[in-house]
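Written out below as structure tokens is the structure these notes cover.
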Amino acid sequence: MWRSTKNKSQTNASNYLGEINDDAITQKAWVRFRTRQKYVFHELPTVYEVYMDSVLGTRSMSKAFLSVARVYTFAHYYHIETLMIFCRAKIHKLMILAPGREEVCDLLQLCKDEPASAGLKELVFEYCALNLRRLLACKRFHTTIEEYPEASLGMIKKMKSFQTFYFKLISIFEGKDPDGYSLNSDEDWYHETAED
Numbered sequence: 001m002w003r004s005t006k007n008k009s010q011t012n013a014s015n016y017l018g019e020i021n022d023d024a025i026t027q028k029a030w031v032r033f034r035t036r037q038k039y040v041f042h043e044l045p046t047v048y049e050v051y052m053d054s055v056l057g058t059r060s061m062s063k064a065f066l067s068v069a070r071v072y073t074f075a076h077y078y079h080i081e082t083l084m085i086f087c088r089a090k091i092h093k094l095m096i097l098a099p100g101r102e103e104v105c106d107l108l109q110l111c112k113d114e115p116a117s118a119g120l121k122e123l124v125f126e127y128c129a130l131n132l133r134r135l136l137a138c139k140r141f142h143t144t145i146e147e148y149p150e151a152s153l154g155m156i157k158k159m160k161s162f163q164t165f166y167f168k169l170i171s172i173f174e175g176k177d178p179d180g181y182s183l184n185s186d187e188d189w190y191h192e193t194a195e196d
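Numbering (UniProt numbering), first residue to last: 1 to 196.
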């Protein structure tokens, strides 16, 4: 019974939306995530350099995420804006080096438990939304989402914003952009739409 209901709802959705290739949407969003340059540092100053070999281990990846996130929490508590920006940049770099790692569950747990980590939530939700297929394969992620339902809502908002960005980008290349967006603009559309 459930299977027939599921197929029926997919058919109804495809009648309204047509076929949407979410792989292309996610791929464009991941490229945008990787190439984002929103930080004040031209070259990221660092206490330690992050190499791919150093983040392959589960234990070291978890420690890397949590140590930087805790420094972010400290900076937030004492209103040290530059340190907060640096920590976000550092976590962003770690995420780029290791896509789809289940250690992000540690960051989700920290965001849930520590109110001062609110600024990290958007970055963590975006990373999870971009790597959702990989993360859904691990039980730890399911457990974390069940304990922290706000995270799933945040990921859904991010996925919606990826689609908005993607379809606006397509309309630009088709010459149907009603807003007159220029390709030289620094606007980050899918971040603006996620806040709605």
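Cβ atoms here follow ideal geometry from the backbone N, Cα and C, with glycine treated the same way.
All values derive from a computational prediction rather than experimental measurement.
Item	Value
Alpha helix (DSSP H) segment containing residue 119, residue limits	118-130
Coarse secondary structure for residue 107, derived from DSSP in three states	helix
For residue 73 and residue 114, the rounded distance between their alpha carbons	8 Å
Pairwise C-alpha distance: residue 75 and residue 164	33 Å
Buried versus exposed call for residue 91 [16 or more other C-beta atoms within 10 Å across all chains shown]	buried
Local conformation of residue 99 per DSSP, three classes	coil
Test item: CB-CB of residue 65 and residue 94 under 8 Å	yes
Cα-Cα separation, residue 162 to residue 24	10 Å
Residue 137, DSSP secondary structure in three states	coil
Check whether residue 148 and residue 112 have beta carbons under 8 Å apart	yes
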